[in-house]
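The structure appears right after this line, and notes come after that.
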Amino acid sequence: MKKLSKLTNILLPMALTVTGFAQGGPAQQERPSSKGAVIKGKAPVNKDVLKVTLPKPFETKLSNGLQVIVLESHKLPTFSAQMVVLKGGLSDDDKMIGVAEYASSLLREGTATRNSQQVAEAVDSLGASLSASSGLTSTSTTVNASGLVENYDKIMALFADVILHPSFPADELAKLKERNIGGLGFQRSDPGFLGGEKMAKVLY
């Protein structure tokens, strides 16, 4: 009994001491401020790169209603031109689906004065680029031309010729149909295409 009393006298003050330490504890430290901290692992950015100055366009409307927008840049001796018609595949008649896409594809295949080969040779001889595009889901049809400034007049004359005087030659149309039919046959053998087609039917 005396041993138990002595043990109690020893443990009780220890318990009181531990309890007091837990209740009081050290003063709570303040969280250090992150103000002015440098975030590491982030790529440096040159502020000058973020300063983008876009050229102011010149806009006018011709007597025929055509709107013209010109953006000048003299860094390189080249130019590019684009004509946009606000009609595309989405405007096709239900009985003529694909007519906009076919029409745009045939623009550079012949004009009233040039056949397909002559158009291609003229483009190559000028070191130019001439293209037209539309699609089944397009809201517009575009015709694009680009090349050296020194050939500007000749390239723009060719650009205007395919836009204003396309002949849509029957033999070139037949070739285009044949290529597209061949492309459709290839798609039918592609598992990825077939899977996407099935998925579209399920979703829509």
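Taking my numbering, the leading residue of the sequence shown gets 10, the next gets one more, and so forth. Heads up, the beta-carbon is just placed ideally off N, CA and C, and yes, glycines get one too.
Take Ser155, set aside five residues on each side of it, and the residues of its chain with a beta-carbon closer than 6 Å to its own are Ser89 and Ser138, in chain order.
If you draw a 10 Å sphere on the C-beta of Val58, you find fewer than 16 other C-beta atoms in it, and that means exposed.
When DSSP states are grouped into helix, strand and coil, Phe177 belongs to the coil group. The criterion of a C-beta distance shorter than 8 Å is not satisfied by Gly107 and Ser149. Excluding five sequence positions before and after Leu99, the CB atoms of its chain that fall closer than 7 Å to its own CB belong to Thr146, Ser147 and Thr148, given in chain order. Where Val128 is concerned, the enclosing alpha helix (DSSP H) starts and stops at Ser125 to Ser134. Listed in chain order, the non-local C-beta contacts of Tyr161 below 7 Å within the same chain comprise Phe88, local neighbours out to five positions each way being set aside. Going by C-alpha positions, Ser176 is about 24 Å away from Gly74.
Collapsing the DSSP output to three states places Val61 in coil. Straight across, the Cα-Cα distance linking Glu187 with Gly201 is about 23 Å. Asp101 sits buried, since 16 or more C-beta atoms from the chains shown fall within 10 Å of its C-beta. Residue pairing for Ala154: DSSP places it in a beta bridge opposite Ala90 and Leu139. In the structure shown, Ile106 adopts coil according to DSSP, grouped into three states. Using a Cβ-Cβ distance cut-off of 8 Å, the stretch 110-130 and the stretch 181-199 are in contact, since at least three pairs of beta carbons, one from each stretch, lie closer than that value. Within the model, the alpha-carbon separation for Thr62 versus Ser140 is close to 29 Å. Around Glu81, the same chain offers Pro64 and Phe67 as residues with beta carbons nearer than 8 Å, after the five sequence neighbours per side are excluded.
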